[in-house]
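Chains as they are written, first to last, in the working numbering: chain A, 1 to 315; chain B, 1001 to 1315.
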């Protein structure tokens, strides 16, 4: 099922998000406005805004604040993409040249900072301090996680436990901030807030594991970068850990001395891919199970559908 | 007069700020905690926290929130210092190696981001949305100003008007956010908020002009960097603009082709220094005049004293 049909129940909310997203980056200073426009208009699936909106639907929430929360979520995501592309030296993102490939490192850093400040400014207008703090702390988690990676050097993360910790801070933290934030905004009781936070966390984990699988199995043209980019840059992800565990535990540190094209191809065709996919499915199942506290309505079905989609997607 | 004696009326508040500053950067992850500790403990004059506190004193403000605001102000300042040192490639700050000289560009960027997130987290606990938005917008102003500088390239800013615009975004914006934030927190009426914002803005302008003068006139050992660093890096500041206006308007673009040691020395001994000092004094005077709406109490005298200090300081 496509995200469009899964998200049909919140289509009008998502349209409001698109309009507000564009408004939020309309700036006097043209160079900055242009790069943000390229980044925002090149799309992405808006999964994080959708999560914030869906999580706010089980109790009556202020529609304007809900849209604002969704916009802030996407702006934080966009800011982290800008800094990620700089860190990874990625030339292309969603078919467009990255900001970091066009601007100096300095200007790229500042562009990301600007978007974070804009997100904070917009969040303040929601006038909910608990939501505000959820997002500030998520940003701290994301930064600390990336610093740990930077300090860990090549082959980072060093083992499967560290890998899970890293994708938690890198991806799952913002997914769970979106669902927790939406739930808090709607005035949901604590047990439901906890359930939606659990849902967001596990969906984010599944999402990132699948991203890391697709880095091996998708088509270079669809990816917009060479297959196996992470491994080529010396970063080990879940398929690599499974490959090492299943094949050659003794030489884990040495695999990068092999021919990289051959290594990427070997991992791609190994059972490590299926094992990783099973792991993503387990995370998605935990996410779906957390929804049991809610009535079986269109919003719960949409959330559950997202969990299935995230695992089954081919890009 | 020293800042210690000027700030005597708020000494206990400033001590509370020091304690809370240290608490705010106590983190599990040691590498990050250590660099923040070095940055925060190496001091600085805490002028921004002092401004936030003094501006909140004309009406009864919640002491805990006032200290929180002061801490958030200093954290935003610290974050911009981290990014500034990276941008300027400065090896030393206040006698200690900069984070950017010890860490990768990536980790340095993220360390700054982390502090901004921490500042946002702390600010949210003040539970005042107007204050929150003042700071978010200040951060946007700072980022946009630095991006303009980065895009402007060498010799930037190109003229005196651009110079004022730049030091407004770089320095005065956070000074005025501190005074405006303090006033808002205390529930001051709009006219007083405006007066304190004007005070902060003009004090910040005076402060930065004097910083730019000291870059020429102070001792290299006291500065911790070569005399005339800005000019050596191709950045024109107020003394340079006055020097060009007074001496050689035709060759403004060419002065950097001269011998740089000689050029720095010439500017240092020219009347451009006195002209710049007079300009700083004008800004300080406008700041002091804005205080006329307040009763002549110890807090107003402290603010006025700060304006005098900022111009007369030798480092």
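Glycine included, every Cβ here is placed at the ideal spot set by N, Cα and C.
Residue 21/A at chain B interface by Cβ criterion, 8 Å: Here residue 21/A corresponds to residue number 21 of the first chain, with the count starting at 1. Not one chain B Cβ lies under 8 Å of residue 21/A.
N-terminal and C-terminal residue of the alpha helix (DSSP H) that residue 1146/B is part of: Within the second chain, the letter at position 146 stands for residue 1146/B. Residues 1129-1152.
Helix, strand or coil at residue 1227/B according to DSSP, with G and I counted as helix: Taking the second chain and counting its residues from 1, the one referred to as residue 1227/B is at position 227. Reduced to three states, the DSSP call for residue 1227/B is coil.
Interface positions of the region 1147-1161 of chain B facing chain A (Cβ-Cβ less than 8 Å), listed along the chain: 1147, 1148, 1150 and 1151
C-beta neighbour in chain B for residue 110/A, strict 8 Å: Against the first chain, residue 110/A aligns to sequence position 110. It does: the Cβ of residue 110/A has a partner Cβ on chain B nearer than 8 Å.
is_contact[residue 31/A, chain B] using C-beta, thresh 8 Å: Taking the first chain and counting its residues from 1, the one referred to as residue 31/A is at position 31. Yes - at least one Cβ of chain B is within 8 Å of the one on residue 31/A.
Residue 183/A: contacting residues in chain B (beta-carbon distance under 8 Å): The residue labelled residue 183/A in the question sits at position 183 within the first chain. Under the 8 Å cutoff, chain B gives no residues; its nearest Cβ is about 18 Å from residue 183/A.
Contacting positions in the region 1064-1087 of chain B - beta carbon closer than 7 Å to chain A: 1083 and 1087
Any C-beta of chain A under 8 Å from that of residue 1036/B: Your numbering for residue 1036/B matches position 36 in the second chain. No, because no Cβ of chain A sits closer than 8 Å to the Cβ of residue 1036/B.
Neighbour list for residue 144/A in chain C, Cβ cutoff strictly below 7 Å: Reference to chain C is not applicable here, since the protein chains of this structure are A and B.
Distance CB(residue 1188/B)-CB(residue 1058/B) smaller than 8 Å: The residue given as residue 1188/B occupies position 188 in the second chain. The residue given as residue 1058/B occupies position 58 in the second chain. The Cβ atoms of residue 1188/B and residue 1058/B sit closer than 8 Å to each other.
CA-to-CA distance, residue 1118/B to residue 1035/B, given in whole angstroms: Stepping through the second chain from its first residue, residue 1035/B is reached at position 35. Stepping through the second chain from its first residue, residue 1118/B is reached at position 118. For residue 1035/B and residue 1118/B, the distance between alpha carbons rounds to 15 Å.
Those residues which DSSP pairs with residue 1092/B across a bridge: By one-based count along the second chain, residue 1092/B stands at place 92. Per DSSP, 1097/B.
Min CB distance residue 1129/B to chain A below 8 Å: The sequence position of residue 1129/B within the second chain is 129, counting from 1. Answer yes: the Cβ-Cβ gap between residue 1129/B and chain A drops below 8 Å somewhere.
Buried or exposed (CB count within 10 angstroms, at least 16 for buried), residue 1019/B: Position 19 of the second chain holds residue 1019/B. Looking at its Cβ environment, which holds fewer than 16 other Cβ atoms inside 10 Å, residue 1019/B is exposed.
Within 8 Å, strictly: CB atoms of residue 1126/B and residue 1069/B: Here residue 1126/B is taken as the residue at index 126 of the second chain, counted from 1. Here residue 1069/B is taken as the residue at index 69 of the second chain, counted from 1. Yes. Within cutoff.
Pair within 8 Å by beta-carbon distance, residue 1073/B and residue 1094/B: Counted from its first residue, the second chain places residue 1073/B at position 73. Counted from its first residue, the second chain places residue 1094/B at position 94. Against a cut-off of 8 Å, the Cβ pair of residue 1094/B and residue 1073/B comes out as no contact.
Contact the region 225-244 of chain A vs the region 257-274 of chain A: 3+ CB pairs below 8 Å: yes
CB contact flag (residue 205/A, residue 172/A, <8 Å): Indexing the first chain from 1 puts residue 205/A at position 205. Indexing the first chain from 1 puts residue 172/A at position 172. A contact, by the Cβ cut-off of 8 Å.
Backbone secondary structure at residue 175/A - three-state DSSP: As a working note, residue 175/A is residue 175 in the first chain. If DSSP states are grouped into helix, strand and coil, residue 175/A belongs with the helices.
Every unbroken beta strand (DSSP E) inside the region 1037-1099 of chain B [3 residues or more]: If you keep only unbroken beta strand (DSSP E) runs of at least 3 residues inside the region 1037-1099 of chain B, you get nothing at all.
Status (buried if at least 16 other CB within 10 Å, exposed otherwise) for residue 1202/B: As a first step, residue 1202/B must be located in the second chain, where it is residue number 202. Buried is the call here.
Member of 65/A, 292/A and 79/A whose CA lies at the smallest distance from the CA of residue 174/A: Translated into positions along the first chain, residue 174/A becomes position 174. Comparing Cα positions, the closest option is 79/A.
DSSP-derived helix/strand/coil call for residue 1269/B: Against the second chain, residue 1269/B aligns to sequence position 269. Of the three classes helix, strand and coil, the one that applies to residue 1269/B here is coil, per DSSP.
Within 8 Å, strictly: CB atoms of residue 33/A and residue 26/A: Counting from one through the first chain, the residue named residue 33/A turns up at place 33. Counting from one through the first chain, the residue named residue 26/A turns up at place 26. Yes.
Cβ pair residue 75/A, residue 115/A closer than 8 Å: As a first step, residue 75/A is located in the first chain; it is residue number 75 there, counting from the start. As a first step, residue 115/A is located in the first chain; it is residue number 115 there, counting from the start. Result yes, Cβ atoms of residue 75/A and residue 115/A sit closer than 8 Å.
Residue 230/A: contacting residues in chain B (beta-carbon distance under 7 Å): On the first chain, position 230 is the one that residue 230/A refers to. The contacting residues do not exist; residue 230/A stays about 16 Å from chain B at best.
The alpha helix (DSSP H) enclosing residue 187/A, as first and last residue numbers: Counting from one through the first chain, the residue named residue 187/A turns up at place 187. Careful: residue 187/A lies outside any alpha helix (DSSP H) and carries neither H nor E.
From 1300/B, 1037/B and 1132/B, residue whose alpha carbon lies closest to that of residue 1099/B: Here residue 1099/B is taken as the residue at index 99 of the second chain, counted from 1. Of the candidates 1300/B, 1037/B and 1132/B, the one whose C-alpha sits nearest the C-alpha of residue 1099/B is 1037/B.
is_contact[residue 174/A, chain B] using C-beta, thresh 8 Å: What you label residue 174/A is simply residue 174 of the first chain in a count that begins at 1. The beta carbon of residue 174/A sits no closer than 8 Å to any beta carbon of chain B.
Residue interval of the alpha helix (DSSP H) (run including residue 234/A): Position 234 of the first chain, counted from the start, is the residue given in the question as residue 234/A. It is not in any alpha helix (DSSP H) - residue 234/A carries neither H nor E in the DSSP assignment.
Distance, residue 1039/B Cα to residue 110/A Cα: Translated into the one-based positions of the first chain, residue 110/A becomes position 110. Translated into the one-based positions of the second chain, residue 1039/B becomes position 39. Roughly 21 Å between the two C-alpha positions.
Amino acids of chain A, ordered along the chain, whose beta-carbon sits closer than 8 Å to that of residue 1104/B: Stepping through the second chain from its first residue, residue 1104/B is reached at position 104. Correct list: 150.
Any chain A beta carbon closer than 8 Å to residue 1140/B: For the purposes of this step, residue 1140/B is identified with residue 140 of the second chain, where counting begins at 1. Yes, contact with chain A.
Nearest-angstrom Cβ-Cβ length linking residue 1179/B and residue 1055/B, presumed shorter than 8 Å: Position 179 of the second chain, counted from the start, is the residue given in the question as residue 1179/B. Position 55 of the second chain, counted from the start, is the residue given in the question as residue 1055/B. Confirmed, Cβ separation roughly 4 Å.
Cα-Cα separation between residue 1044/B and residue 1010/B, rounded to whole angstroms: Taking the second chain and counting its residues from 1, the one referred to as residue 1044/B is at position 44. Taking the second chain and counting its residues from 1, the one referred to as residue 1010/B is at position 10. Going by the C-alpha atoms only, they are around 17 Å apart.
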